[in-house]
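Trainee: Structure provided below as structure tokens; questions to follow.
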Amino acid sequence: MKSLLVVMSAAVLLFAACKKEPKKLGSHTVAVVFVGGNDAIVRTPKGDVKAVKGAILNENDWVQTGAKTHVDLALPGNILLRVDEKTTLKLEQLGLSEGGVQADRLVLAKGTVFSKVAKLDARSSFAIQTPTVVAGVRGTKFMTETDEKGAGKVAVIEGRVAVASKTKSEEVGEGEQAQVTESGGVTETKIDPATAARVNELAAGVDKIKQEQLQIFENLFKNLGGVIDGFPKEIPLESVANRAEYDPQMLTNNLMFGTPDEVIAKLKPYEAMGVDDFIYYASMGYGLAE
Numbered sequence: 117m118k119s120l121l122v123v124m125s126a127a128v129l130l131f132a133a134c135k136k137e138p139k140k141l142g143s144h145t146v147a148v149v150f151v152g153g154n155d156a157i158v159r160t161p162k163g164d165v166k167a168v169k170g171a172i173l174n175e176n177d178w179v180q181t182g183a184k185t186h187v188d189l190a191l192p193g194n195i196l197l198r199v200d201e202k203t204t205l206k207l208e209q210l211g212l213s214e215g216g217v218q219a220d221r222l223v224l225a226k227g228t229v230f231s232k233v234a235k236l237d238a239r240s241s242f243a244i245q246t247p248t249v250v251a252g253v254r255g256t257k258f259m260t261e262t263d264e265k266g267a268g269k270v271a272v273i274e275g276r277v278a279v280a281s282k283t284k285s286e287e288v289g290e291g292e293q294a295q296v297t298e299s300g301g302v303t304e305t306k307i308d309p310a311t312a313a314r315v316n317e318l319a320a321g322v323d324k325i326k327q328e329q330l331q332i333f334e335n336l337f338k339n340l341g342g343v344i345d346g347f348p349k350e351i352p353l354e355s356v357a358n359r360a361e362y363d364p365q366m367l368t369n370n371l372m373f374g375t376p377d378e379v380i381a382k383l384k385p386y387e388a389m390g391v392d393d394f395i396y397y398a399s400m401g402y403g404l405a406e
């Protein structure tokens, strides 16, 4: 039995060593989708600029907000962030590899960030680092808060977050928070009412981002409103007859995304109606290999 275990272990190690890592392509960008208030700047290697809606940020850029100002950011992979007031955040790593694999690490020097992260590819990662801990996730909604010395908290309202310092690691689940000390101590507790209210307020703001993007899309797609100074007018979705088109289940059922078997099943009704050919076209900026 021991010999068998040794052979199996060696095989597992050999497989892991031979597993092909996705080829690194460089870094992706981040879009500013909304700025609330008038005191937000982006620090770049070329200097500081005012944060404005529509700006494109790059790896190693900083976002800094003052009082009564917040900035909403969108990352590839359906990741949305709200950088709250009096916050300093660095886009430390925005790694991009073949197949759309992302490796994102943001450094929160001080302040508050709410993150809404869709379920990531098994090879992708997203983490927020403070002066004392790293909060890593695969798909969740959570708030990270810290002062300049590293004292703060990580509060979760959906999913799970691994919170690790140099001395301790905790997995924080839905409805829980990790209180962090300046020395890196991590204590997991139930989320307190004040924190829960704060996180839910930030979450509501982030959820509004998607609503606004759909309103803009509706305008551009059907030419229902004007474009002023380069910004399309947002069309209230409740005012359009086709608002059911944005129902998540409807999109899942009708768009040709999924496994080969799932897509084939979606095409069968067309075949039954006598359709012989189905042409799918998508242009996302990548070549055929990607």
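When we follow my numbering, the leftmost residue of the sequence shown carries the number 117, and every step to the right adds one.
Glycine included, each C-beta is placed from N, C-alpha and C at the ideal position.
Values in this document were obtained by computation on a predicted structure and should not be read as measured data.
#1: I'd like the list of long-range same chain contacts for Val315, defined as Cβ closer than 6 Å, with 5 residues on each side in sequence excluded.
#2: Just how far apart, CA to CA, sit Phe373 and Gln180?
#3: Run through DSSP, which three-state label would Thr59 get?
#4: Using the three-state DSSP reduction, which class does Ala225 fall into: helix, strand or coil?
#5: Is the segment 190-199 close to the segment 285-293, with three or more CB pairs under 8 Å?
#6: Which runs of the beta strand (DSSP E) at least 3 residues long sit entirely within the segment 132-190? Give them in chain order.
#7: Can you look up Glu378 in the DSSP assignment and give me helix, strand or coil?
#8: Buried or exposed, going by whether 16 or more other CB atoms sit within 10 Å of the CB of Ile244?
#9: Which value, in whole angstroms, describes the spacing of the CA atoms of Tyr397 and Lys169?
#10: Leu224 to Gln209, Cα distance in whole Å?
#11: So Val277 packs on Val253, CB below 8 Å; how close in whole Å?
#12: Beta-carbon within less than 6 Å of Asp164's beta-carbon, same chain only, minus the 5 sequence neighbours each way: which residues are those?
#13: What is the DSSP secondary structure of Val322, reduced to helix, strand or coil?
#14: Could you tell me which residues DSSP pairs with Glu304 in its beta bridges?
#15: So the candidates are Thr246, Lys384, Gly255, Ala251; which of them puts its Cα closest to the Cα of Thr262?
#16: Using a Cβ-Cβ cut-off of 7 Å (strictly less than) and excluding sequence neighbours within five positions of Ser213, which residues of its own chain qualify?
#17: If you drop the 5 nearest sequence neighbours on each side, which residues of the same chain put their C-beta closer than 8 Å to that of Glu387?
#18: What is the C-beta distance between Thr283 and Gly268, in whole angstroms, given that I count them as a contact (C-beta under 8 Å)?
#19: Assuming the contact rule is C-beta atoms closer than 8 Å, Phe242 and Val322 should be a hit. Round their C-beta distance to whole Å, please.
#20: Rounded to the nearest angstrom, what separates Asn154 and Thr185 at their Cα positions?
#21: Let me check one thing: in DSSP terms, what residues is Thr262 bridge-paired to?
#22: Using the Cβ count rule (16 or more neighbours within 10 Å means buried), how would you classify Asp220?
#23: Around the C-beta of Gln293, are 16 or more other C-beta atoms found within 10 angstroms, so that it is buried, or is it exposed?
#24: By alpha-carbon positions, which one of Gly266, Ile325, Gly193, Val146 ends up nearest to Asp177?
#25: Specify the secondary structure class of Val391 as computed by DSSP and reduced to three states.
#26: Ends of the beta strand (DSSP E) at Leu236?
#27: Quick one: residues in its chain with C-beta nearer than 7 Å to the C-beta of Ala234, no 5 flanking neighbours on either side, listed in chain order?
Mentor: The answer reads as follows:
#1: Excluding residues within five positions, the ones whose Cβ falls inside 6 Å are Met259, Ala271, Ile273.
#2: Spanning the two alpha carbons is a distance of roughly 38 Å.
#3: Because the chain here runs from 117 to 406, residue 59 falls outside it and cannot be looked at.
#4: Strand.
#5: No: the two stretches stay apart, fewer than three of their Cβ pairs being nearer than 8 Å.
#6: Counting only runs of 3 or more, we get 140-143, 146-152, 156-160, 163-166, 178-181.
#7: Assignment of Glu378 by DSSP, reduced to helix, strand and coil, places it in the helix class.
#8: Counting Cβ neighbours within 10 Å, Ile244 comes out buried, since at least 16 surround it.
#9: Spanning the two alpha carbons is a distance of roughly 30 Å.
#10: Distance between the alpha carbons of Leu224 and Gln209 is about 12 Å.
#11: So it is a contact: roughly 5 Å between Cβ atoms.
#12: Here Asp164 has Ile157 as same chain residues with Cβ atoms under 6 Å from its own Cβ, once five neighbours each way along the sequence are excluded.
#13: Note: Val322 maps to helix in three-state DSSP.
#14: For Glu304, DSSP records a beta bridge to Ala294.
#15: Just measuring C-alpha positions, the residue of Thr246, Lys384, Gly255, Ala251 sitting nearest Thr262 is Thr246.
#16: Only Pro138, Lys139, Lys140, Leu141 meet the Cβ criterion.
#17: Answer for Glu387: no residue qualifies.
#18: That pair is no contact at about 16 Å.
#19: Actually they are not in contact, since the Cβ atoms of Phe242 and Val322 sit about 15 Å apart, beyond 8 Å.
#20: About 6 Å.
#21: According to DSSP, Thr262 shares a beta bridge with Gly227, Gly268.
#22: By the C-beta density criterion, Asp220 is buried, having at least 16 other C-beta atoms within 10 angstroms.
#23: Label assigned to Gln293: buried.
#24: With distances taken between Cα atoms, Asp177 lies closest to Val146.
#25: DSSP, read as helix, strand or coil, puts Val391 in coil.
#26: Leu236 -> no beta strand (DSSP E), and no H or E assigned at all.
#27: Answer for Ala234: Gly193, Asn194, Ile195, Gly255, listed in chain order.
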